[in-house]
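Counting in full-length UniProt numbering, the sequence shown runs from 1 upward without gaps.
To start, the structure under review is shown below, and the notes come after it.
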Amino acid sequence: MEHQDNVARLISEMPRCSPRRRTLEIQEAPCAAPAAKPLAKPLVFRKTKREIEREQQKAQLEQIQSKKRRVGERMKMERARPKCARMLEWSCQRTSRVLISSGVRESKRRLRF
Numbered sequence: 001m002e003h004q005d006n007v008a009r010l011i012s013e014m015p016r017c018s019p020r021r022r023t024l025e026i027q028e029a030p031c032a033a034p035a036a037k038p039l040a041k042p043l044v045f046r047k048t049k050r051e052i053e054r055e056q057q058k059a060q061l062e063q064i065q066s067k068k069r070r071v072g073e074r075m076k077m078e079r080a081r082p083k084c085a086r087m088l089e090w091s092c093q094r095t096s097r098v099l100i101s102s103g104v105r106e107s108k109r110r111l112r113f
C-alpha cells in the first residue's frame, strides 16, 4: 500500500508534455544482471599437424628407450645368473693352477667362492 502511494506521488510530480497525457510508471531497476548460461558443450580444439608429429616422435623415442632398457636389463640378468657347477670348477681349477705355478698356495674351497 505504501509503495503504491509513493509511486502515485512520484507520477503526479513528474513533468508532462501536456496535462492530459499520462506519464509512464516508474519501474524498479533490476538488482542483478541475469547470470550467464554455461555453454552446452565444451569447446574442442583439434590438434595441428605439428602437435601430432611431435607426439608421434615422443612416442617413438619412448619406445626406443624402453627397448634399450629392456635389453640392458636382460644383459644384466644374464651376467648375474650363476654359472653351472662344472664351469665354476673349471675356472677354479684353472686359477688354482695359475696360483700354484706362481708359488702361492691357497685352498680350492676358498677359490671356488
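By construction, the Cβ of each residue, glycine as well, lies at the ideal position given by its N, Cα and C atoms.
Computed from a predicted structure; not experimentally measured.
Inset, instruction - Whole angstroms is fine: what's the gap from arginine 69's alpha carbon to glutamine 57's? - result: In the sequence shown, counting from the first residue as 1, residue 69 sits at position 69. In the sequence shown, counting from the first residue as 1, residue 57 sits at position 57. Looking at the two C-alpha atoms, the distance is approximately 18 Å.
Legend entry - For arginine 46, three-class secondary structure by DSSP: In the sequence shown, residue 46 corresponds to position 46, counting from 1. Correct three-state label for arginine 46: coil.
Legend entry - arginine 54 to lysine 67 span [Cα, whole Å]: For this step, residue 54 is matched to residue 54 along the sequence shown. For this step, residue 67 is matched to residue 67 along the sequence shown. Spanning the two alpha carbons is a distance of roughly 20 Å.
Legend entry - Three-state class that DSSP yields for lysine 41 in the structure shown: Reading the sequence shown from its first residue, position 41 is the one you call residue 41. Three-state result, lysine 41: coil.
Legend entry - Where methionine 1 sits in the DSSP three-state scheme: By one-based count along the sequence shown, residue 1 stands at place 1. The answer is coil: DSSP assigns methionine 1 none of H, G, I, E or B.
Inset, instruction - Classify methionine 75 as helix, strand or coil using the three-state DSSP reduction. - result: If you number the sequence shown from 1, residue 75 lands on position 75. Three-state result, methionine 75: helix.
Legend entry - Whole-angstrom distance between glutamine 60 and valine 71, CA atom to CA atom: Locating residue 71 in the sequence shown gives position 71, where the first residue counts as 1. Locating residue 60 in the sequence shown gives position 60, where the first residue counts as 1. Rounded to the nearest angstrom, the two C-alpha atoms are 17 Å apart.
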